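Under full-length UniProt numbering, read the sequence shown as residues 1 to 125, first letter to last.
Glycine residues also receive a C-beta, built at the ideal position from the N, C-alpha and C atoms.
Since this is a predicted model, take the numbers as computed values, not measurements.
For reference, the structure discussed in these notes is given below.
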Amino acid sequence: MVRDPIASESTPSAEEICAALDDPDCREIIRNLEEPMTAAELTDECDIPQSTLYRKLEVLTESTLLEESTEIRQDGHHASKYTVAFDEITLVLDDDRTLAVQIERPARTADERLAELWSEVRKET
1 MVRDPIASES TPSAEEICAA LDDPDCREII RNLEEPMTAA ELTDECDIPQ STLYRKLEVL
61 TESTLLEEST EIRQDGHHAS KYTVAFDEIT LVLDDDRTLA VQIERPARTA DERLAELWSE
121 VRKET
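Given below as structure tokens:
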């Protein structure tokens with residue numbers, strides 16, 4: 001069940017994870033993401049101003065707690081959708097007495113892996 005959200009990304013620090021989870025707006029976003037949603041849908045669902053929501057989505061995706069994928073639309077106006085990218089987070093005290101984070105991630109389907117690959121290609125073009 002463990003997976004890397006994007007192979008090229010490093011695991012975020014315990015401080016990054018804790019900072020994201022300490023933010024009430026970030027927790028509200030996670031709480032409301034039972035299924036993939038766009039930023040506009042999240043703005044309505046969470047009652048968070050859109051400008052604030054985009055900043056929180058960036059914090060959550062950079063800390064790998066959310067995953068962003070691209071919804072391909074026939075009209076050419078593609079939309080980013082966000083999903084929760086973890087099942088469980090554990091803080092561990094390492095041998096050198098520093099905090100480390102372990103993130104258990106949900107299993108991925110072939111369609112999800114293809115959508116992720118497409119999102120990465122779009123970012124590079």
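- Going by C-alpha positions, residue 61 is about 11 Å away from residue 16.
- Inclusion of residue 36 and residue 109 in the CB contact set at 8 Å is not warranted, their separation being larger than that value.
- Judged by beta-carbon spacing, residue 72 lies beyond the 8 Å limit of residue 86, meaning their Cβ atoms are not closer than that value.
- Checking the DSSP bridge columns, you'll see residue 81 partnered with 69.
- When rounded, the separation of the alpha-carbon atoms in residue 114 and residue 54 is 25 Å.
- A direct Cα-Cα distance of roughly 28 Å separates residue 117 from residue 90.
- Residue pairing by DSSP places residue 100 opposite 92 in a beta bridge.
- With at least 16 other beta carbons inside 10 angstroms of its own, residue 42 counts as buried.
- Rounded to the nearest whole angstrom, the C-alpha separation of residue 32 and residue 75 is 28 Å.
- Per DSSP, the unbroken alpha helix (DSSP H) holding residue 114 starts and ends at 110-124.
- The distance from the Cβ of residue 119 to that of residue 69 is about 5 Å, consistent with a contact at the 8 Å cut-off.
- Counting along the chain, residue 22 sits inside the alpha helix (DSSP H) bounded by residues 14-22.
- Membership of residue 62 in the alpha helix (DSSP H) is indicated by the continuous run 50-62.
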